[in-house]
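In what follows, a single structure is set out as structure tokens and then discussed.
Number of protein chains: 4
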Amino acid sequence: MPVKRAAGAHEPKRQRGHLRVAAIMEAGIAVFTEKGYDAATMTEIAARSETAIGSLYRFFPSKEALADALLLRYAEHVTGQLDALAQRASSMAQDKLADELVDFMLSLESQRGFTVALLDARGGSEVRRTRFRQAAREGLGRVLRAAMPALPKAKSETVAAVLLHVLKGLNAIDVDKAAARRLLQAEIRLLVRVYLGSAQQSAQASR
Amino acid sequence: MPVKRAAGAHEPKRQRGHLRVAAIMEAGIAVFTEKGYDAATMTEIAARSETAIGSLYRFFPSKEALADALLLRYAEHVTGQLDALAQRASSMAQDKLADELVDFMLSLESQRGFTVALLDARGGSEVRRTRFRQAAREGLGRVLRAAMPALPKAKSETVAAVLLHVLKGLNAIDVDKAAARRLLQAEIRLLVRVYLGSAQQSAQASR
Amino acid sequence: MPVKRAAGAHEPKRQRGHLRVAAIMEAGIAVFTEKGYDAATMTEIAARSETAIGSLYRFFPSKEALADALLLRYAEHVTGQLDALAQRASSMAQDKLADELVDFMLSLESQRGFTVALLDARGGSEVRRTRFRQAAREGLGRVLRAAMPALPKAKSETVAAVLLHVLKGLNAIDVDKAAARRLLQAEIRLLVRVYLGSAQQSAQASR
Amino acid sequence: MPVKRAAGAHEPKRQRGHLRVAAIMEAGIAVFTEKGYDAATMTEIAARSETAIGSLYRFFPSKEALADALLLRYAEHVTGQLDALAQRASSMAQDKLADELVDFMLSLESQRGFTVALLDARGGSEVRRTRFRQAAREGLGRVLRAAMPALPKAKSETVAAVLLHVLKGLNAIDVDKAAARRLLQAEIRLLVRVYLGSAQQSAQASR
DNA sequence: AATGAATGAGCCTTCATTCAT
DNA sequence: GATGAATGAAGGCTCATTCAT
Chain A
1272 MPVKRAAGAH EPKRQRGHLR VAAIMEAGIA VFTEKGYDAA TMTEIAARSE TAIGSLYRFF
1332 PSKEALADAL LLRYAEHVTG QLDALAQRAS SMAQDKLADE LVDFMLSLES QRGFTVALLD
1392 ARGGSEVRRT RFRQAAREGL GRVLRAAMPA LPKAKSETVA AVLLHVLKGL NAIDVDKAAA
1452 RRLLQAEIRL LVRVYLGSAQ QSAQASR
Chain B
1272 MPVKRAAGAH EPKRQRGHLR VAAIMEAGIA VFTEKGYDAA TMTEIAARSE TAIGSLYRFF
1332 PSKEALADAL LLRYAEHVTG QLDALAQRAS SMAQDKLADE LVDFMLSLES QRGFTVALLD
1392 ARGGSEVRRT RFRQAAREGL GRVLRAAMPA LPKAKSETVA AVLLHVLKGL NAIDVDKAAA
1452 RRLLQAEIRL LVRVYLGSAQ QSAQASR
Chain C
1272 MPVKRAAGAH EPKRQRGHLR VAAIMEAGIA VFTEKGYDAA TMTEIAARSE TAIGSLYRFF
1332 PSKEALADAL LLRYAEHVTG QLDALAQRAS SMAQDKLADE LVDFMLSLES QRGFTVALLD
1392 ARGGSEVRRT RFRQAAREGL GRVLRAAMPA LPKAKSETVA AVLLHVLKGL NAIDVDKAAA
1452 RRLLQAEIRL LVRVYLGSAQ QSAQASR
Chain D
1272 MPVKRAAGAH EPKRQRGHLR VAAIMEAGIA VFTEKGYDAA TMTEIAARSE TAIGSLYRFF
1332 PSKEALADAL LLRYAEHVTG QLDALAQRAS SMAQDKLADE LVDFMLSLES QRGFTVALLD
1392 ARGGSEVRRT RFRQAAREGL GRVLRAAMPA LPKAKSETVA AVLLHVLKGL NAIDVDKAAA
1452 RRLLQAEIRL LVRVYLGSAQ QSAQASR
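The listed protein sequences derive, respectively, from chains A, B, C and D.
Just remember that the working numbering sits 1271 ahead of the position in the first sequence, which is counted from 1.
Just remember that the working numbering sits 1271 ahead of the position in the second sequence, which is counted from 1.
Just remember that the working numbering sits 1271 ahead of the position in the third sequence, which is counted from 1.
Just remember that the working numbering sits 1271 ahead of the position in the fourth sequence, which is counted from 1.
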């Protein structure tokens, strides 16, 4: 296709740009996770992604902009996953849903520390964090309402916020030994089931 | 009274010193909470406590020493409160215990963000954070074992870690409106009750 | 010429970098000499070389690194000169050798005070100073052994250390008037001749 | 004696003052020697002499004043010793004189580093150092003229300056092993003899 | 558009000196 | 006079960001 060809003249550049951006974001996640937002340096992120510091700043005009972009992409990933889960949730046994939520959270384990680095840490825009949490809570709220149609919207938002916090414990709670970590995760899995059960009950009762 | 006089001769100094230290610690909590450990500056802490930077360093020889002192004091407070609670816990209805735990955590509200700033954040000694968490978990574990003698020690440790995380949600979860905050806290109160009930059951079952 | 052009593309940078480094080193020598290692400030060295403080640190990552580099360069210069002298020393009358040593030392006059600032002073790495002295002594030892093959190695090392000290007097001894300085230098020249003669004699005697 | 008694009312204070000053000076020598002028801190000197910092400043109004006082006392000691030597020098064999000079210098060994710390180091008043050197040179000059009446005054000053420098090598030259140090000192002893001999000759020749 | 050298504000910390008690 | 807490200027060093090439 001529169109393709014609575009091709610039496509490689864009392609390269995309690769560059991807490399930067990957490096950004790694460095922010390892060092935390403040201790991370733009120089190191540039070096790890084999990008000139000037180029890094062309794509992300500030450290904060990079963090924002990272968080946005993460939010989109989380939202997407939760929405997919929401579609299946209506026809799902409650304990199954609990397990899926736990497993989904565990699948984000690689992001462990990243969340803390960019969300819980002070410094940097309050906006950034608020927006992210909002997205996650809303996504989780949609899952809950799909699974429990009886749940009023207001209640679902509160439950989502609490549930999200509980789930974050899966990756955020520090334990020294691997065995302890497994116990902990099992315990949280249990708690999520119990909590969902309790929420369901109260939803039906308030009907 | 000569005694009073004699004491008075040096009391002012000590008095002033104590006030100074108190002012610094208060300012430290405020600034660490607002900015996080890394972004907090000793200069600002000095300014807020109306202390010359040199004086600040006389009392706390490094930024880390200040954070440590803050955390230590906080840990002692928490441990003390939990131990007091443990003594009353054995003769307490379970829902009452849940409420007391929630109320205790809410009483720490003034420390909101502080925990995150100094504990969850990167930066500063890993040791500091680990030690604090250990203390809090152990204190909570003692409360649990007092309330549920049937709970095996290992299980109590896991439950304590999870329960602590849940309770932290009371202060840590960000909500925009006061009404939402009240709902949230009520929800967590409920969850704590449910969780304690579930733990109790499993403890008796495993007997 | 394309070659020239191609080279020109990067040459300016390198060129500038070299000039920058040279300016910094010159300023470093000046400031260290005037103030001594401890009292010298990186800020002043930066200012004198018209370098931004950040740039100074790009080239020399610490005050000590700068001092080390300065000393290393000086050591190489001294060693090189002494080795050149060693080659000519075997076919040289003894008084001629004495004169050459004295003249060589006087040629370092511009370094007056520098030696003291970085070598004799406290502060900064012990290693740095030790290494430099070792190099100078060994270089002078090689000159001596070339000139007096009968001199045992051990003896030559001792003589080198003493001779070096004597020669340092040429630049290190403070005198108020220019005339006094000339007298002093003539006196040391005499002493060096006498000392070399004495060393020669003892070398031949111990044969 | 009533006079003594009357004075006694204040004497203890003065006595205490003297002790205090002596303790401070001792501590000052120790700390300057160990750390060098710049790195030495008034606080440490106060602590080592068990003096309140405020009291230290009452006796010595600045760090430099303390260094000056130390140097002055040292200069007086050196001058006194040299003058005593001068009195015996006229009836002394030349080699004996050389030995006495060397031994005297070695007796100052405990001051090793002190000299460097306060004299050779840059920083602090140029005046201080100049004055000290002048005193030492003049003292040594008197010894020389006593021993060699034929030596013209101008010549004696030059020789004194050079000889002083040579003698300083006894304590100032850094060597790694004790054996090397002994060899070095023997070598310098030899050199001093040779030099004195040479000076004597030239003095008699120029008669 | 890419590059990376250059910039300089700002951080943590030290220490000579002062002065209220 | 004695004391030592208080002061704040200044030092070494880092790093986000810019801009000439």
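Where a beta carbon is used, it is the ideal one built from N, C-alpha and C, also for glycine.
The beta carbon of R1399 (chain B) sits closer than 6 Å to those of D1339, L1342, all from its chain and outside the five residues before and after it, given in chain order.
Nearest C-alpha to A1293 (chain D) among D:G1440, D:L1461, D:R1319, D:A1425: D:R1319. The beta-carbon separation of V1463 (chain C) and V1349 (chain C), rounded to 17 Å, does not stay under the 8 Å limit for a contact.
One thing to note: A1431 (chain A) has its Cβ within 8 Å of the Cβ of R1408 (chain A). By alpha-carbon distance to Y1466 (chain D), the top candidate from C:Q1472, C:Q1471, C:I1459 is C:I1459. The three-state reading of DSSP puts S1378 (chain B) in helix, counting H, G and I together. DSSP places S1361 (chain A) in the coil class of the three-state scheme, outside both helix and strand. Here DSSP, grouped into helix, strand and coil, assigns M1419 (chain C) to coil. When C-beta atoms of the stretch 1298 to 1310 of chain D are compared with those of the stretch 1299 to 1313 of chain C, three or more pairs fall below 8 Å, so the two segments count as touching.
Nearest neighbour of V1302 (chain A) by Cα position, chosen from A:K1334, A:M1419, A:L1422, turns out to be A:K1334.
Straight across, the Cα-Cα distance linking Y1345 (chain D) with A1355 (chain D) is about 15 Å.
The DSSP-derived three-state label of I1459 (chain D) is helix.
A direct Cα-Cα distance of roughly 50 Å separates E1315 (chain D) from N1442 (chain A). For L1454 (chain A), the neighbours in chain B by C-beta distance under 7 Å run, in chain order, T1429. Contact annotation for R1404 (chain D) against chain C: D1445 [CB-CB distance below 8 Å, chain order]. For V1465 (chain D), the chain C residues whose Cβ falls inside 8 Å of its Cβ are V1465, Y1466, S1469, in order along the chain. Comparing alpha-carbon positions, the option among D:F1403, D:L1377, D:V1446 lying closest to T1401 (chain C) turns out to be D:V1446.
Excluding five sequence positions before and after L1389 (chain A), the CB atoms of its chain that fall closer than 7 Å to its own CB belong to F1303, Y1308, A1338, L1341, L1342, given in chain order. Distances from the CA of L1377 (chain C) to each of C:G1299, C:Q1456, C:A1317, C:L1434 were compared; the closest alpha carbon is that of C:Q1456. Considering only beta carbons, the part of the stretch 1307 to 1331 of chain D lying closer than 8 Å to chain C consists of G1307, Y1308, D1309, A1310, in chain order. In summary, I1324 (chain B) is exposed, with fewer than 16 beta-carbon neighbours lying within 10 Å of its beta-carbon over all protein chains present. By a beta-carbon distance limit of 8 Å, A1317 (chain A) does not contact S1361 (chain A). Their separation comes to about 47 Å.
Using a Cβ-Cβ cut-off of 8 Å, V1373 (chain D) does not count as an interface residue toward chain C, since no Cβ of chain C sits closer than that to its own. Any Cβ of chain D closer than 8 Å to the Cβ of V1398 (chain C) would place that residue at the interface, and such an atom is absent. Here E1380 (chain B) is exposed, its C-beta having fewer than 16 other C-beta atoms within 10 Å. Residues of chain D with a Cβ closer than 7 Å to the Cβ of E1458 (chain C) are, in chain order, T1429, V1430, V1433. Sequence-distant Cβ neighbours of M1419 (chain C) in its own chain, meaning closer than 6 Å and more than five residues away, are Q1471, A1474. Residues of the same chain with a CB within less than 6 Å of the CB of S1427 (chain B), apart from the 5 flanking positions on each side, are G1412, L1415, R1416 in chain order. Assignment of Y1345 (chain A) by DSSP, reduced to helix, strand and coil, places it in the helix class.
The beta-carbon distance between L1327 (chain D) and I1300 (chain D), rounded to whole angstroms, is 14 Å. This is too long to meet the 8 Å contact definition. At least one CB atom of chain B sits nearer than 8 Å to the CB of T1401 (chain A). Leaving aside the five residues that flank F1375 (chain C) on each side, the residues in its chain whose CB is nearer than 7 Å to its CB run, in chain order, Q1352, L1356. Inter-residue distance for H1436 (chain D) and V1437 (chain C) is about 7 Å (C-alpha atoms, whole angstroms).
Within 9 Å of the CB of V1349 (chain D), no CB atom of chain C is found; the nearest one sits about 17 Å away. Chain-order list of chain D residues neighbouring G1440 (chain C): V1433, H1436, by C-beta distance under 7 Å.
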